[in-house]
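*Asks:* Supplied in C-alpha cells, the structure appears directly below.
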Ligand SMILES: *[C@@H]1O[C@H](CO)[C@@H](O)[C@H](O)[C@H]1NC(C)=O
Ligand SMILES: *[C@@H]1O[C@H](CO)[C@@H](O)[C@H](O)[C@H]1NC(C)=O
Ligand SMILES: *[C@@H]1O[C@H](CO)[C@@H](O)[C@H](O)[C@H]1NC(C)=O
Ligand SMILES: *[C@@H]1O[C@H](CO)[C@@H](O)[C@H](O)[C@H]1NC(C)=O
C-alpha cells in the first residue's frame, strides 16, 4: 500500500507539473498572437475571424465577418459575434447600426428611458411615467431619466399634463357665487349667470329711478303754486299805454324787472295758478 500511495503521490506531482507547463504555454503567446495547439499564431485584425490557424510554414488565414456579425478587437476566434438587435418591444431603437468592427448601439425610443446600460448601449428601457391628475410635471423625462411628478399645492389644480398647477378660480373676489370648490384635479366653479343678471338689474333700477324722479319733478313743478305775470311790450299812444305784445311768465317780480328788455313792463294783472 505504501507503493500505491507513492504512485498516487507521483501521479499527482506529474499532473501538477503538466498543468504548470500547460498554463505557462497558454500565457507564453504575446498579446498580438493566440495559441493554436503548440504554436503562437498572429491574431486576425478587428472585423475578421480566423479561417485556418497558422502552421509552422503558413500564416494565419483570416476572413471578413459576414453581414450581421462583428469582431471588435483583433482575435484568434473562428466565429464573429452576432450583432445586437435593438428590441422595439423593449422600448429600444438603433442609435448606430452594426459594422464589422462595432456592434449596434441601442437607445431608448421617444417617451422611454434607459434602465440598463451595457458598454454604452441600452439593453432595457421603461416608459416615462405619466403624471396623474392632481400632479404636475416637475421634470420632463429624458433618454436616461424618468419623468418627475409632484403634487399640486393647496388652492391649485392640474390634470397631470402641465408643468405647473393652475390656481383655482377665485369666485368670491370676482364677485361670483361659488358653486363647487376646486380640488387638486378640478377648478372651482362659479355661478356665471349671476354676473350676467346683475348688470341688467342695475341698469333697470337706474332707468326706473330716473323715470320716478322725472315724474316726481314734473309733479312738483305742476303742483307748485307759481305767480304768473303777464307783461306788456308797451308803447304810449295818445296818453294811453298800448300793449303790442303780451307774454306770461312765472318769474318773480324782482327778477322780472331785470330780465325784461326795453319797453317791456309788468301788466297790472297778476295771475295765480
Ligand atoms: C500574418 O497574418 C496576420 C493576420 O492576418 C497579419 O497581420 C500579418 O501581417 C501576417 N504576417 C505575414 C508575415 O504575412
Ligand atoms: C446616440 O448617439 C449619439 C451620437 O453618437 C450620442 O450623443 C447619444 O448620447 C446617443 N444616445 C444614446 C441614448 O445612447
Ligand atoms: C392643505 O390643505 C390641507 C387640508 O385642508 C391641510 O391639511 C394642509 O396643511 C394644507 N397644506 C398647506 C401647505 O397649506
Ligand atoms: C375633485 O372634484 C371632482 C369634481 O367634483 C371629483 O370628481 C373628484 O373626485 C375630486 N377629487 C378629489 C381628490 O377630491
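Numbering (the numbering used here), first residue to last: 16 to 288. The beta-carbon is built from N, C-alpha and C at its ideal position, and this holds for glycine as well. Remember, predicted model here, so these are calculated numbers, not experimental data.
1. According to DSSP, what are the bridge partners of residue 80?
2. Tell me, please, which residues DSSP counts as bridged to residue 131.
3. Between 133, 174, 101, 106, which has its C-alpha nearest residue 121's C-alpha?
4. Starting from the N-terminal side, write out each stretch of the alpha helix (DSSP H) that is 4 residues or longer and does not extend beyond the stretch 179-228.
5. Taking its Cβ as the centre, do 16 or more other Cβ atoms sit within 10 Å of residue 151, making it buried, or is it exposed?
6. In terms of residues, what are the limits of the beta strand (DSSP E) holding residue 165?
7. Figure out for me which residue from 30, 175, 118, 222 has the closest Cα to the Cα of residue 201.
8. In or out: residue 78 buried (at least 16 other Cβ within 10 Å) or exposed?
9. I need the boundaries of the beta strand (DSSP E) containing residue 51, first residue and last residue.
10. What residues are listed by DSSP as bridge partners for residue 90?
11. For the 8 Å Cβ check, are there 3 or more pairs between the stretch 159-170 and the stretch 187-195?
12. Rounding to the nearest angstrom, what Cα-Cα distance links residue 22 and residue 52 in this structure?
*Replies:* The answer reads as follows:
1. What you label residue 80 is simply residue 65 of the chain shown in a count that begins at 1. Looking at the DSSP assignment, residue 80 forms no beta bridge with any residue, so it has no partner.
2. Looking up residue 131 in the chain shown gives position 116. In the DSSP output, where bridge partners are listed per residue, residue 131 has 139.
3. Taking the chain shown and counting its residues from 1, one reaches residue 121 at position 106. Comparing Cα positions, the closest option is 101.
4. none
5. On the chain shown, position 136 is the one that residue 151 refers to. That one is buried.
6. The residue you call residue 165 lines up with position 150 of the chain shown. From DSSP, the beta strand (DSSP E) with residue 165 extends over 163-166.
7. What you label residue 201 is simply residue 186 of the chain shown in a count that begins at 1. Nearest of 30, 175, 118, 222 to residue 201, Cα basis: 175.
8. As a working mapping, residue 78 is identified with position 63 in the chain shown. Under this definition residue 78 is an exposed residue.
9. Walking along the chain shown from the start, residue 51 turns up at place 36. It spans 48-51 - the beta strand (DSSP E) in which residue 51 sits, taken as one unbroken run.
10. Position 75 of the chain shown, counted from the first residue, corresponds to residue 90. According to DSSP, residue 90 bridges with 59.
11. no
12. If you number the chain shown from 1, residue 22 lands on position 7. If you number the chain shown from 1, residue 52 lands on position 37. Rounded to the nearest angstrom, the two C-alpha atoms are 30 Å apart.
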